[in-house]
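Heads up, the thing below is written out as structure tokens.
In the working numbering, the protein residues as written are 11 to 307.
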């Protein structure tokens, strides 16, 4: 559909993944803006219903976008639908012409009544933009522990280029994280966005407990982004099996339901602030939580 925005005509489309020319133009803008390509993810078959770019085109070229990412979330045994906005971007030649504002208003119009919570992460350059739409900053809290002793076990790094290992990851992901207070249960596409690209060397299978964990090790710090499966073992025990010889601290990428043995600290990031739409449900206003790191878009 065509719309006039400040005297210039643009074409608006929501949902572009199966339109090759528009998807590739969107990808080109994303690479230019964020150095981030979605094309490998699409070609691997993991771009699903849950990632919905809303684009404006000048002719055949995508010049602005705001993506709605649909997250299925479980909080205290209740299923929620969260919308996370991401890849909000405008081509440099089209900035300061009201395109992002127009897209935000269009998203509010089209998604009204279809979600419980809307949120996004913003960098310092746009901290004043999102409050105009009713978003408020939200603090996040992360859990750490130093009270673990490494234990040995059969732990195998999964090969994310191997179809059987990818299928094993998806099977365990379907069983969810049994230790998390706040769990993102879908989509699988977002999980695979991370695990087949940026974190493809960070997926481990604990053979004796039949669990899978996404773990990074860096300079004595082990970050357990998420852990999936069904088990009678404690989280602290499983973490001890994943530690390396030089691990001194363990950090969680999710909020544990049982905080015993953990220290909670405010989460500080260099250039990202979580914003939550204040007119909808805002769990962060009354609970000390964090968005699971594998759910960032």
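Ideal Cβ positions, reconstructed from N, Cα and C, are used throughout, including at glycine.
Review point. What residues in its chain sit with their C-beta under 8 Å from that of residue 36, if we drop five residues either side in the sequence?
Key: 26, 48, 63, 65, 72, 75
**Study point:** For residue 92: DSSP bridge partner residues
**Key:** 81, 127
Practice item. Work out the CA separation of residue 273 and residue 157 for me, nearest whole Å. Key: 10 Å
Review point. Three or more beta-carbon pairs under 8 Å between the region 171-179 and the region 275-295, yes or no?
Key: no
**Study point:** One or two residues paired with residue 204 in a DSSP bridge
**Key:** Answer by DSSP bridge pairing: none, since residue 204 is not bridged.
Point to revise | Counterpart residues of residue 223 in DSSP-defined beta bridges | key: 214, 237
Review point. Which class does residue 64 belong to by DSSP, given the choice of helix, strand or coil?
Key: strand
Review point. Which word fits residue 276, buried or exposed, when buried means at least 16 other C-beta atoms lie within 10 angstroms of its C-beta?
Key: exposed
Exercise for review: List the endpoints of the continuous alpha helix (DSSP H) containing residue 159.
Suggested key: It is not in any alpha helix (DSSP H) - residue 159 carries neither H nor E in the DSSP assignment.
Exercise for review: Please classify residue 36: does DSSP put it in a helix, a strand, or coil?
Suggested key: helix
**Study point:** Nearest-angstrom Cα separation, counted from residue 195 out to residue 293
**Key:** 17 Å
**Study point:** Limits of the unbroken alpha helix (DSSP H) element including residue 13
**Key:** That residue, residue 13, is in no alpha helix (DSSP H); its beta strand (DSSP E) goes 12-15.
Review point. What is the residue span of the alpha helix (DSSP H) that residue 274 lies within?
Key: Premise fails: residue 274 lies in the beta strand (DSSP E), 273-276, not in any alpha helix (DSSP H).
**Study point:** Assumed close pair residue 298, residue 151 - CB separation to whole angstroms, cut-off 8 Å
**Key:** 4 Å
Point to revise | According to DSSP, residues forming a beta bridge with residue 22 | key: 66
**Study point:** Counted within 10 angstroms of its Cβ, other Cβ atoms place residue 295 as buried (16 or more) or exposed
**Key:** exposed
Practice item. Compute the distance between the beta-carbons of residue 307 and residue 190, then report whether it is under 8 Å. Key: no
Review point. Exposed or buried, which one is residue 281 when buried takes at least 16 other CB atoms within 10 Å?
Key: exposed
Review point. Which residues mark the beginning and the end of the alpha helix (DSSP H) in which residue 180 is found?
Key: 173-184
Review point. What three-state label does DSSP hand residue 75 in the structure shown?
Key: strand
**Study point:** CB of residue 215 within 8 Å of CB of residue 178, strictly
**Key:** yes
Review point. Which residue comes first and which comes last in the beta strand (DSSP E) that contains residue 285?
Key: 283-287
Check your understanding: Buried or exposed: residue 219, going by 16 or more other Cβ atoms within 10 Å of its Cβ?
Key -> buried
Review point. Can you list, in chain order, the residues of its chain whose CB lies under 6 Å from that of residue 21, leaving out five sequence neighbours each side?
Key: 12, 67
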